[in-house]
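Chains as they are written, first to last, in my numbering: chain A, -18 to 272; chain B, 417 to 769.
Built from N, CA and C at the ideal position, the CB exists for glycine as well.
Notes to accompany the following structure.
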């Protein structure tokens, strides 16, 4: 990049880059630093990196993650919950996104508005609302009892079911919107061409619409999976002792145990582990054919 | 039996009638062109035949079978889209094979047919390429190969030449005619370009505002248009509107602003109070001396040099005339040259609509 144009370009790219370094990379490095320290009584409750004897870094926190199965179980549990939630969001969200994309324009705007409306209320309040619905003498149980469909309240709260429900409920719009974006941008003449060449609607969906919506599926899945793995509020409010998720473990280490270094190590491993599906999905997105 | 028969087809979109009582017959092996301006209903008619729209009235028959109730994937009709509509996630060979896979043809036969089709359109070397790696002309060939792969009884082409540049257009036009004759499929082309229609088709149907106004061979449409619209739309024309009367030497047309009435060819005007006379620009003869018979005094206002031909505009009797002649004949003319414009009696076309 040379000349005035080059300078302007560097500024334009440089500003968001600097922002990202300052607010993403730097905090991550600070967390890493804490992970390399030792837990101690004091403020802050960890040993400084540069001490009187030079650089004092330890890998014992990371080692502990490997020894205590709690952390491994929590990681895998989180992954399991997140993957199931992503699949459910995909199965539920795809037909919704498809229907919105095919709807006539005025109706489409209303439907999109309806999808985004929940964001106008506090996320926390909505999760609490699910407690009121799912608890033993909550709305749903009382309804089923009144209709005579059950004779004792169903255990709908503080278990895997309620956690998955909470995850799917919260993240569904993040699946619907990217899917809608991809589906509505699709060239309808391709579907007509497929029909003209002998494909009934279900075949043209499988052969044309679905493959071309893969970037939307990848984007939506990413937007659900990544945050869902680290989700903390939902397992805390809707989960129970058996619903172990890494976000809650991290919170407990940080606030209950005051063990910042271990919590930091948990966080660093979580970020590193999530890099794998991220790269995979990036490959899928890159496969998208240029217009 | 005719291959395609449309009987009083009707299609409405809300308050607008896009296709109005259209009936036509296309014989097997014909190259039929639906010609008309934007919005005349020709594309709607094409989509009705393909099955993307449902008829509000009338019937469409292929080989005698009424296909109106059939969805597009069950009709023996294939279409080449204006935008080509190639599947971007498949390569050329897969695109061409798509229709054959829907027919559940066995693998080896599909491969053979794909090769045949690619050879037909001269795209054999590009079979592994993706659509975005092809030029516009190449994409069109693939679209054509894909549409012909299933050997449809009728091939519909939606403005096939509109996206191509001039040179490519001429070449493609000739290729299309060649392919059509080799394969023997009936072609139905929709176009707004009268030059395309005249040069490619064996039969032309001219449409305007939802109606079919004239059907005939290209020469007939051009030499004997049945309405002012057809005369003006297909090719350039000089139109004289007036009142027919009987003069001393036979029937003549009195036109407002003209010094003398124009002689009418033969018995053209029985019982009509208004008539139009159309004279094609190439039939207009220009001379320095006043010729015998009917002639108009005119002044050259513009000369358009087109290479072998020249298009000349003239001002005469308060109106603009258009003439077209070999450039050699127009050699001495400049803006402002006074000339006499005349034409052979029988070269004038009487339009009685």
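C-beta neighbour in chain A for residue 648 of chain B, strict 8 Å | no
Ordered list of alpha helix (DSSP H) runs contained in the stretch 634 to 703 of chain B, each at least 4 residues = 634 to 639 and 644 to 649
Are any of the Cβ atoms in chain B nearer than 8 Å to that of residue 212 of chain A?
-> Answer no: the Cβ-Cβ gap between residue 212 of chain A and chain B never drops below 8 Å.
Neighbour list for residue 494 of chain B in chain A, Cβ cutoff strictly below 8 Å = 177 and 178
Chain B partners of residue 166 of chain A, CB-CB under 8 Å?
-> What residue 166 of chain A touches in chain B: nothing, since even the nearest Cβ is about 12 Å away.
Terminal residues of the alpha helix (DSSP H) in which residue 163 of chain A lies = 141 to 165
Closer than 6 Å by C-beta to residue 483 of chain B: which residues in its own chain qualify, once you throw out the five before and the five after it? Chain order, please.
-> Correct list, in chain order: 476 and 491.
Residue 616 of chain B by DSSP, collapsed to three states: which one?
-> Helix at residue 616 of chain B.
Counted within 10 angstroms of its Cβ, other Cβ atoms place residue 259 of chain A as buried (16 or more) or exposed | exposed
Roughly how many angstroms separate the alpha carbons of residue 617 of chain B and residue 629 of chain B, rounded to a whole number?
-> If you take the alpha carbons of residue 617 of chain B and residue 629 of chain B, they lie about 17 Å apart.
Counting Cβ pairs closer than 8 Å, one from the stretch 214 to 230 of chain A and one from the stretch 134 to 152 of chain A, do we hit at least three?
-> yes
Determine the extent of the beta strand (DSSP E) in which residue 474 of chain B is found, giving its start and end residues.
-> That run of the beta strand (DSSP E) goes 473 to 478.
Three-state secondary structure assigned by DSSP to residue 554 of chain B | helix
Report all residues from its chain with a CB closer than 7 Å to the CB of residue 27 of chain A; omit the five preceding and five following residues, and keep chain order.
-> 15, 18, 19, 20, 21, 241 and 242
From the DSSP output, read off the bridge partner residues of residue 27 of chain A.
-> A/20
Residues sharing a beta bridge with residue 181 of chain A, DSSP | Bridge partners of residue 181 of chain A: none, in fact.
The stretch 421 to 437 of chain B: positions lying closer than 8 Å to chain A by Cβ | none
Could you say which of B/510, B/547, B/606 and B/581 lies nearest to residue 571 of chain B if we only look at CA atoms?
-> B/606
Exposed or buried, residue 238 of chain A, counting other C-beta atoms within 10 Å across all chains shown (16 or more means buried)?
-> exposed
Could you tell me if the beta carbon of residue 21 of chain A falls within a distance shorter than 7 Å of some heavy atom in the ligand PLP?
-> In terms of ligand content, the structure shown is empty, and the ligand PLP therefore cannot be addressed.
Excluding five sequence neighbours on each side, which residues of the same chain lie with their C-beta closer than 8 Å to the C-beta of residue 666 of chain B?
-> 679 and 680
Supposed close pair residue 712 of chain B, residue 728 of chain B - CB separation, criterion 8 Å = About 14 Å separates the two Cβ atoms, so there is no contact after all.
Per the contact definition of three or more C-beta pairs closer than 8 Å, is the stretch 457 to 475 of chain B in contact with the stretch 528 to 542 of chain B?
-> Result no; under three Cβ-Cβ pairs closer than 8 Å.
Are the C-beta atoms of residue 41 of chain A and some chain B residue less than 8 Å apart?
-> no
Evaluate residue 150 of chain A with the Cβ neighbour count: other Cβ atoms within 10 Å of its Cβ, from every protein chain shown; 16 or more gives buried, anything less gives exposed.
-> Burial call: buried.
Spell out whether any CB of chain B is found under 8 Å from the CB atom of residue 88 of chain A.
-> Chain B, which has no Cβ nearer than 8 Å to the Cβ of residue 88 of chain A, makes this no.
Does the beta carbon of residue 174 of chain A sit closer than 8 Å to a beta carbon anywhere in chain B?
-> yes
So, is the C-beta of residue 103 of chain A closer than 8 Å to a C-beta in chain B?
-> no
Within 8 Å (strictly less), CB to CB, does residue 160 of chain A reach chain B?
-> no
Could you tell me which of B/567, B/445, B/626 and B/587 sits nearest to residue 452 of chain B, measuring between CA atoms?
-> B/626
Tell me, please, whether the CB atom of residue 576 of chain B is closer than 8 Å to any CB atom in chain A?
-> Chain A, which has no Cβ nearer than 8 Å to the Cβ of residue 576 of chain B, makes this no.
Compare the C-alpha of residue 136 of chain A against each of A/-3, A/169, A/219 and A/66 and name the closest.
-> A/219
Helix, strand or coil at residue 779 of chain B according to DSSP, with G and I counted as helix | An answer regarding residue 779 of chain B cannot be provided, because it is not within the stretch 417 to 769 covered by chain B.
Helix, strand or coil for residue 272 of chain A, going by three-state DSSP, please let me know.
-> At residue 272 of chain A the pLDDT is 49, less than 50, meaning the model places this residue with poor confidence and gives no usable figure here.
Could you tell me which residues DSSP puts in a beta bridge with residue 88 of chain A?
-> Its beta-bridge partners do not exist; DSSP assigns none.
Buried or exposed: residue 658 of chain B, going by 16 or more other Cβ atoms within 10 Å of its Cβ?
-> buried
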